[in-house]
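Report on the following structure.
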Amino acid sequence: MAGEPLGESTGELRDLKRQVERLKRDNDGLRERLRFEERDHHATKADRDEDLLLAQQRYDALDALLQDALRKVQEERKERELVEERFRATMESVRDISPSEGSALSTPSPQRKKRAAEGPPALLDTISSNKKRKGDHNSGGDDEDTVFLVEEVELDDEVDEESGEKAEEEDEIGDGSAIDDEDPADDLDYITPPPQRMVKSLRALRKMNPDSVFNVVAWFGENGEGVPKWRVQCGDCSSMFCPPNSTHDHECTCNLAEHLQEEEHRQRVSARLEETKVRIWRHTLQKTFLVNPAGIVYQDILPAHVVLQAVENYDGMTARALKNTKISKVMRHIHLLEDAKIPDGDYYGFRKRARALVDKWKPLLEQDTMAETGGGATVKEP
410 MAGEPLGEST GELRDLKRQV ERLKRDNDGL RERLRFEERD HHATKADRDE DLLLAQQRYD
470 ALDALLQDAL RKVQEERKER ELVEERFRAT MESVRDISPS EGSALSTPSP QRKKRAAEGP
530 PALLDTISSN KKRKGDHNSG GDDEDTVFLV EEVELDDEVD EESGEKAEEE DEIGDGSAID
590 DEDPADDLDY ITPPPQRMVK SLRALRKMNP DSVFNVVAWF GENGEGVPKW RVQCGDCSSM
650 FCPPNSTHDH ECTCNLAEHL QEEEHRQRVS ARLEETKVRI WRHTLQKTFL VNPAGIVYQD
710 ILPAHVVLQA VENYDGMTAR ALKNTKISKV MRHIHLLEDA KIPDGDYYGF RKRARALVDK
770 WKPLLEQDTM AETGGGATVK EP
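FYI, in the numbering used here the residues of the sequence shown are 410 to 791.
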């Protein structure tokens, strides 16, 4: 009995051993459960990081596709310009044919006989005066004579029908489809293309200044009543009409090289480029959430999350960009969507984030409206 503990029986020792073993098993089970939970936590975090990386890669792929599409558009424009040059050269060679050779061109058309009886023809009304151009800062010199030289890429698919009708009206004005009710062939004698030296100078300007936009337009002098001459117009500063080299024309005080170095011109170019970036963001979000016939696709959710993050982190938003791109309107439509229609909408919180952006941009629109109206009008969100 000397080896046994005093005051304890063999049965009590056996019970204590069972309790110790039970506690040990419970402790081991808790440790194993903690290891599993920790492993699941790391796996979930790794999956989210992998999803974000995949979304970034998809966004980069979409951006590469967009750049490739823009490059193809530029190549198509170059091909179209070559075709137009050949067409103009053919027309010039046809006009040089002598009427004494007995060709069909020597016989005047009925329309030409009628005009000859009425009096000398006037310049087309479609070439607007310089005063009208100065009043319209949004026009890019899209006259029927020079519309083939205007560079413009339309990326907008507006949400409302009113904006879509407005865009269609602008396209009808700029495509040169309706010049006159009479036979358009009768006006060929009075529509002359710009000289080749002007076209070549314009192409050289575009190569040297890829961020700027240039058009060739008819210039009517400083007072808008002079003899029309071909001039290079800055697409960002529509009131500037300059020859390629101002030293060759003393009537025009504009110097194009100096104009390109002006701070105001640089600011307008920078604002246009930033606006293009915002327009691409708006187009991506609108296509994902609003205009896809198949509904919101799950594969587009992560790229949309990355784009929305870029919009949230963007600090260069202006009231002009909001009005021109209508991104605030897209955000309001996203906020009005039902949660059940957005895959993983609760996790990413698209509706709340869209509403937060609308509230963030509202002071910009209010300040711009007060600056325009003197504080007497209520802001209307674009």
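Ideal placement from N, C-alpha and C gives every residue a C-beta, glycine not left out.
Keep in mind the model is a prediction, meaning the values are calculated, not measured.
Does the distance from the CB of residue i to the CB of residue j come in under 8 angstroms?
{"i": "I743", "j": "R760", "result": "yes"}
{"i": "V641", "j": "L669", "result": "no"}
{"i": "K750", "j": "I705", "result": "yes"}
{"i": "D620", "j": "V678", "result": "yes"}
{"i": "H674", "j": "C651", "result": "no"}
{"i": "L774", "j": "L731", "result": "yes"}
{"i": "V625", "j": "V608", "result": "yes"}
{"i": "Y394", "j": "P752", "result": "Only positions 410 to 791 of the chain appear in this structure, which leaves residue 394 out of reach."}
{"i": "T734", "j": "E684", "result": "yes"}
{"i": "L745", "j": "F698", "result": "no"}
{"i": "E721", "j": "R762", "result": "yes"}
{"i": "R489", "j": "P602", "result": "no"}
Go ahead and label residue i buried or exposed: buried means 16 or more other beta carbons lie within 10 angstroms of its beta carbon, across all protein chains shown.
{"i": "R688", "result": "buried"}
{"i": "K433", "result": "exposed"}
{"i": "V482", "result": "exposed"}
{"i": "M726", "result": "buried"}
{"i": "K738", "result": "buried"}
{"i": "F623", "result": "buried"}
{"i": "P479", "result": "The question names Pro, but residue 479 in the sequence shown is Leu. Exposed: under 16 other Cβ atoms inside 10 Å."}
{"i": "P604", "result": "exposed"}
{"i": "L474", "result": "exposed"}
{"i": "V611", "result": "In the sequence on display, residue 611 carries Leu and not Val. Classification of L611: buried, given that the 10 Å Cβ count is 16 or more."}
{"i": "A455", "result": "exposed"}
{"i": "F629", "result": "buried"}
{"i": "A464", "result": "buried"}
Look up residue i in the DSSP assignment and say whether it is helix, strand or coil.
{"i": "V706", "result": "coil"}
{"i": "N733", "result": "helix"}
{"i": "Q642", "result": "strand"}
{"i": "N436", "result": "helix"}
{"i": "V625", "result": "strand"}
{"i": "D592", "result": "In this prediction, D592 has a pLDDT of 38, which is less than 50 and means its spatial position is unreliable; nothing more can be read from the coordinates."}
{"i": "P508", "result": "Any reading at P508 must be qualified, since the residue scores a pLDDT of 42, below 50, and its modelled position is unreliable; the value itself is stated next. Here P508 sits in helix by DSSP."}
Among the residues of its own chain, which have a CB less than 7 angstroms from the CB of residue i, if the five just before and after it don't count?
{"i": "A719", "result": "W690"}
{"i": "D458", "result": "none"}
{"i": "R448", "result": "none"}
Can you find the residues in the same chain that come closer than 6 angstroms, C-beta to C-beta, to residue i, ignoring five residues on each side of it along the sequence?
{"i": "Y757", "result": "H714"}
{"i": "L766", "result": "M740"}
{"i": "G754", "result": "D748"}
{"i": "Q428", "result": "none"}
{"i": "R486", "result": "none"}
Does the beta carbon of residue i fall short of 7 angstroms from some heavy atom of the ligand FAD?
{"i": "K426", "result": "This structure simply doesn't include the ligand FAD, nor any ligand for that matter."}
Enumerate in chain order the residues of its own chain whose CB-to-CB distance from residue i is below 8 angstroms, with the five nearest sequence positions on each side excluded.
{"i": "R776", "result": "A small correction: the amino acid at residue 776 is Gln; Arg does not occupy that position in the sequence shown. Hits under 8 angstroms: A728."}
{"i": "D645", "result": "S621, V622, H674, R677, V678 and R681"}
{"i": "D460", "result": "L711"}
{"i": "D441", "result": "For the sequence presented, residue 441 should be read as Glu rather than Asp. Taken in chain order, the list of residues that qualify is empty."}
Please confirm whether residue i has its beta-carbon closer than 8 angstroms to some beta-carbon of chain B.
{"i": "K771", "result": "Reference to chain B is not applicable here, since this structure consists of a single protein chain."}
message = Taking 8 angstroms as the cut-off, does the segment 461-468 touch the segment 705-716 (at least 3 CB pairs, one atom from each stretch)?
response = yes
inquiry  = Quick test of the definition: if touching needs 3 or more C-beta pairs under 8 angstroms, does the segment 632-639 touch the segment 690-700?
reply    = no
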